[in-house]
């Protein structure tokens, strides 16, 4: 079973101007098909760095996927460097040329530039993979027993080529291993406390099953993996172990599927055929954004009032001016009034209301940065919770959203 | 001037379950101080992979920064592997032990577990870097002329150690090179058309200055870099070249600082002492989220109505029911009515209103997925624009937000 190494090329990755989401996406898709990514290497748009990486990764893996540096501009040097590495010569590819012309005429509706026509030139020693989403063709090189595939760095183009060309090719050429992952999500318990809780389980796991802890703020994902070829015994062992793990973590378990918190909430609402609204002060629309990122969210999500000012809280959510004056905008009383306002204004079955201080400024001794009040409920019942987060602005926003959604999730399950 | 390689350790990075934001952040901070990251390598929580990466990266760089795999659980094997690589022995570190006890007693307010106490054990051949934000200590090893620094993978902890310990250490030990970056942001022109436009400028650039194109959906950043040691001539060349570049791209120029679009809008609003509200249908609160991620956003942002349903558009934004019936929710007429609704309800000087079809479902022949109407304006004047995006749901949401903010930016500059 061949291992895969991913080389991503681009100065922007090395100065941190761009976050590399490509290789995570690629790894996910490859993993689903049973391919194993063992290394990811990011290097500069620099000839010698590319040549070195190619020869090094060839020693580590039999499949080397390369992204980036295929643009039409002069800082994109991946193609000539690949041409040199494989001792080829640059040559115009007719099919690629047709594609460039087609895209400019029919899709971009702009005149094609000489610089773009040049993108149809490829090394004569490669097989061209047609890029239907952009002008830079994919290229496939074979050398000894290794396969090198070069893809553009623009995510949408890379994704199109991966799904239409690369994965089908790899599946045909190699027999992918049977990899089974099972992941569950816990909230409300730290990594070490969780480890303490399941240490007997962990030490009793069969050698073929690996346990991983994937902590992120406020959550820990637990993942069981087995890499063995498919057979019934291993599948049974996995199922058994995963059921055990679910029981051991039941108190903190959010989902035993590899879902995000907002997807779990969406699932419950859809199942119950109920709708949700949010009244967001400190999260500034982030909870609504998480929910509306889910395809089909209009089935369960009615909308949000992002009441950043006190005036908006009063006018749009009917919070009493006296409540804000007496208790402050960040208070249990305020979120308890924001909630029915959201239910009513957005004609929803359930609502979430949040108000807090995300920082870096605005904290006081009594209500330091990170103080958050959350209310969740329906027209019959409201529950509230106070939180203290200790992070920076963006992380506090994320944590507030996560915990508000989790509070609603519990409410939905308990008050159905 | 020593080069830096960053090794990130964790299976979750190789199966794409987690996107590596750590190394981008590290690269950014290091770059500011003049340090040059030349490679980033992600590998599995696996002893042999770690040992191989350590010895390989030692050949590439004089400074090797390592993150991840320092948690308290058994899948975290970075520490024992480093101990083996540097021929050390594990030993309890008193100061690290005090820190673990302190964090559990005073911050987490939970009883400390044996598993956490073990985190205070470190190889006897390292210097401990105290982690004030978590229980896993940082570790610094020196070998021949190379420096290896191991940091936890939790972003908040890694960031604390980088700023308090790692960067000051590196600055003291090495003389950092003078790196000057100058970046500008363009919107509305593709990478190749831009390249065509500035090709004479590019070929006339002095050899010491490098130009990079950093395209992302709808935007292209242009970055000039010079790596030479500080002297007056180079600084002047850079300033001159950057002014030239600004002139050449003036038509598309959003900012000549390395800012995000929402930060540029925030700057203008703050300068004009004006406030903004958003009425968001298809972006579901994402524009509000972008704006409220900026510290101090309450100075210029009043709030948002996320009117996901037609009912919400009518009730909260006073859109006429007949308008939606006649023209549809995704129409120029609808966004033109949403806008004054937002201005009024949120007592704001300016507003943005958006309505569109983000996909994957909901498209029709007449209004395919990616159709978006945007309105921006104030109580005197409203301008609208129709867009067609061709990407997936999340990318369409991002592009809508970007273009809506850009339309507002132009409106603010032209109608002040």
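Residue numbers (the working numbering), protein chains in the order written: chain A, -3 to 412; chain B, -3 to 412. Glycine included, C-beta positions come from ideal geometry on N, C-alpha and C. No experiment lies behind these values; they were computed from the predicted model shown.
Between residue 149(B) and residue 129(B), which are expected to be in contact by the criterion C-beta below 8 Å, what is the C-beta distance as a whole number of angstroms?
That pair is no contact at about 13 Å.
Where in the stretch 326 to 397 of chain B do unbroken runs of the alpha helix (DSSP H), each at least 4 residues long, occur, reported from the N-terminal end onward?
328 to 341
DSSP on residue 48(B), reduced to helix/strand/coil?
helix
Count the other CB atoms, across all protein chains shown, that sit within 10 Å of the CB of residue 103(A); report buried if there are 16 or more and exposed otherwise.
exposed
What residues from the stretch 197 to 222 of chain B come within 9 Å of chain A, judged by C-beta to C-beta, listed N to C?
198, 199, 206, 207, 208, 209, 210, 211, 212, 213, 217, 219, 221
Does chain A have any CB closer than 7 Å to the CB of residue 10(B)?
yes
Between the alpha carbons of residue 389(B) and residue 281(B), how many angstroms are there, rounded?
14 Å
By Cβ distance below 6 Å, which residues in the same chain neighbour residue 54(B) in space, the five residues on each side in sequence not counted?
142
Rounded C-alpha distance that separates residue 153(A) from residue 197(A)
44 Å
Would you mind listing the alpha helix (DSSP H) stretches within the stretch 237 to 291 of chain A that are 4+ residues and don't spill past its ends, in chain order?
257 to 268, 282 to 288
Looking at the secondary structure, which residues open and close the alpha helix (DSSP H) in which residue 297(A) lies?
Premise fails: residue 297(A) lies in the beta strand (DSSP E), 297 to 303, not in any alpha helix (DSSP H).
Touch check for the stretch 94 to 109 of chain A and the stretch 179 to 198 of chain B: three-plus C-beta pairs under 8 Å?
yes
Quick check on DSSP: helix, strand or coil for residue 209(A)?
strand
Which one or two residues does DSSP pair with residue 119(B) in a beta bridge?
86(B)
Please classify residue 116(B) as buried or exposed, where buried requires at least 16 other C-beta atoms within 10 Å of its C-beta.
buried
In whole angstroms, what is the alpha-carbon distance linking residue 163(B) and residue 145(B)?
11 Å
Assuming residue 338(A) contacts residue 275(A) under a Cβ cut-off of 8 Å, what Cβ separation, rounded to an integer in Å, is found between them?
4 Å
Go to residue 7(B), then tell me how far its alpha helix (DSSP H) extends in each direction, as first and last residue.
7 to 10
List, in chain order, every chain B residue whose beta-carbon is nearer than 7 Å to that of residue 297(A).
304
Residues of chain A with CB closer than 8 Å to the CB of residue 387(B), please, in chain order.
152
Quick check on the DSSP output: what are the complete beta strand (DSSP E) runs of length 3 or more inside the stretch 113 to 165 of chain A, in order along the chain?
117 to 119, 123 to 125, 134 to 139, 142 to 147
Nearest to residue 204(B) by alpha carbon, out of 192(B), 174(B), 183(B)?
174(B)
Note down, in chain order, each residue of its chain lying with its Cβ closer than 7 Å to the Cβ of residue 263(A), except the 5 sequence neighbours on either side.
none
From residue -2(B) to residue 215(B), what does the alpha carbon distance come to, in whole angstroms?
33 Å
Mind pulling the chain B residues with CB within less than 8 Å of residue 3(A)?
Correct list: empty, because the minimum Cβ distance to chain B is about 10 Å.
Endpoints, beta strand (DSSP E) assigned at residue 69(A)
Element bounds for residue 69(A): n/a, residue is neither H nor E.
Which two residues bound the contiguous alpha helix (DSSP H) that contains residue 222(A)?
No alpha helix (DSSP H) contains residue 222(A), which is instead part of the beta strand (DSSP E) from 215 to 222.
For residue 34(B), which residues does DSSP report across the bridge?
Partner(s): none; residue 34(B) has no beta bridge.
What's the C-alpha gap between residue 408(A) and residue 212(A)?
24 Å
Taking residue 31(B) as the reference, give the member of 168(B), 63(B), 303(B), 9(B) with the closest Cα.
168(B)
Can you have a look at residue 304(B) and say buried or exposed, based on whether 16 or more other CB atoms are within 10 angstroms of its CB?
buried
Can you round the beta-carbon distance between residue 5(A) and residue 65(A) to whole angstroms, since I take them to be within the 8 Å contact cut?
4 Å
Measuring only the C-alpha atoms, how far is residue 327(B) from residue 351(B)?
7 Å
Within 8 Å of chain B by C-beta, residues of the stretch 366 to 381 of chain A in sequence order:
none
Kindly list, in the order they appear in chain A, the residues whose Cβ is closer than 9 Å to that of residue 282(B).
281, 282, 284, 285, 288, 289
Could you say if the stretch 360 to 369 of chain A and the stretch 309 to 323 of chain A meet the contact criterion of at least three C-beta pairs nearer than 8 Å?
no
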